[in-house]
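Enquirer:
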Amino acid sequence: MGAEGACEVILDILRKHHEDTEIAEHSCWLFHSLAIDDGNSALLVGESNEGCQLLVRILGLHIFSANVVERVCCAINNISFNNQASSTVLGAMGALKLIISSLKIHQESPDVSYWCCSAVNNLVCDNKSN
Numbered sequence: 102m103g104a105e106g107a108c109e110v111i112l113d114i115l116r117k118h119h120e121d122t123e124i125a126e127h128s129c130w131l132f133h134s135l136a137i138d139d140g141n142s143a144l145l146v147g148e149s150n151e152g153c154q155l156l157v158r159i160l161g162l163h164i165f166s167a168n169v170v171e172r173v174c175c176a177i178n179n180i181s182f183n184n185q186a187s188s189t190v191l192g193a194m195g196a197l198k199l200i201i202s203s204l205k206i207h208q209e210s211p212d213v214s215y216w217c218c219s220a221v222n223n224l225v226c227d228n229k230s231n
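Just add 101 to the spot in the sequence shown (first one is 1) and you have the working numbering.
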């Protein structure tokens, strides 16, 4: 199947099952892993920014699940790393506000705090619109 096929499958799973906490958690973890590669990251974001929309939607739906928040922030961290276009889109979609809210909710969790802070850093670094 290759990376391109895996990216399409993960987006399809997120489209269909984003409301399921366990599927959202594991799908975002795979999204994070695939997005380490810049080519995959571009496939996951897509020309219509659907990947960004799905991550923001999942973060909003599952903001009280520490595991989902951690996985979403891992994915946001990777797709926004050195990518001002994705950072700007995510910021415009409300990702920063949701991440900060998540950080307040889960501040007792070192892992969630780490990934929230890392994602915020990538979203705001050298990005005046965020």
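Glycine residues also receive a C-beta, built at the ideal position from the N, C-alpha and C atoms.
The alpha helix (DSSP H) that contains Asn223, what's its start and end?
Expert: Position 122 of the sequence shown, counting from 1, holds the residue named residue 223. Run containing Asn223: 211-225, per the alpha helix (DSSP H) assignment.
Enquirer: Consult DSSP for Glu229 and reduce its assignment to one of helix, strand or coil.
Expert: Here residue 229 corresponds to residue number 128 of the sequence shown, with the count starting at 1. It is worth fixing the name first, because residue 229 is Lys in this sequence and not Glu. Reduced to three states, the DSSP call for Lys229 is coil.
Enquirer: Helix, strand or coil: how does DSSP classify Gly161 here?
Expert: Here residue 161 refers to the residue found at position 60 when the sequence shown is read from its first residue. Judged by DSSP in its simplified three-state form, Gly161 adopts helix.
Enquirer: Against chain C, does Glu120 count as a neighbour if the rule is that its beta carbon must be under 8 Å from one of theirs?
Expert: The question asks about chain C, but that chain is absent: this structure has only one protein chain.
Enquirer: Taking three-plus beta-carbon pairs below 8 Å as touching, is the stretch 180-193 in contact with the stretch 158-167?
Expert: The stretch 180-193 makes no contact with the stretch 158-167; the number of CB pairs closer than 8 Å stays below 3.
Enquirer: When you compare only the Cα positions, how much space is there between Leu197 and Asn231?
Expert: Position 96 of the sequence shown, counted from the first residue, corresponds to residue 197. Position 130 of the sequence shown, counted from the first residue, corresponds to residue 231. So the alpha carbons of these two residues sit roughly 8 Å apart.
Enquirer: The alpha helix (DSSP H) spanning Ile200 covers which residue range?
Expert: Indexing the sequence shown from 1 puts residue 200 at position 99. Counting along the chain, the unbroken alpha helix (DSSP H) around Ile200 starts and ends at 196-206.
Enquirer: Are the beta-carbon atoms of Ile180 and Ser142 separated by less than 8 Å?
Expert: Position 79 of the sequence shown, counted from the start, is the residue given in the question as residue 180. Position 41 of the sequence shown, counted from the start, is the residue given in the question as residue 142. A contact, by the Cβ cut-off of 8 Å.
Enquirer: Using 8 Å as the threshold, is the C-beta distance between Asp138 and Ala107 below it?
Expert: For this step, residue 138 is matched to residue 37 along the sequence shown. For this step, residue 107 is matched to residue 6 along the sequence shown. For Asp138 and Ala107, no; Cβs fall outside 8 Å.
Enquirer: Locate the alpha helix (DSSP H) running through Gly140, then write down its first and last residues.
Expert: On the sequence shown, residue 140 is found 39 positions in, with the first residue counted as 1. Gly140 -> alpha helix (DSSP H) spans 139-146.
Enquirer: Is it the case that the CB of Ser166 approaches a heavy atom of the ligand PLP more closely than 7 Å?
Expert: In terms of ligand content, the structure shown is empty, and the ligand PLP therefore cannot be addressed.
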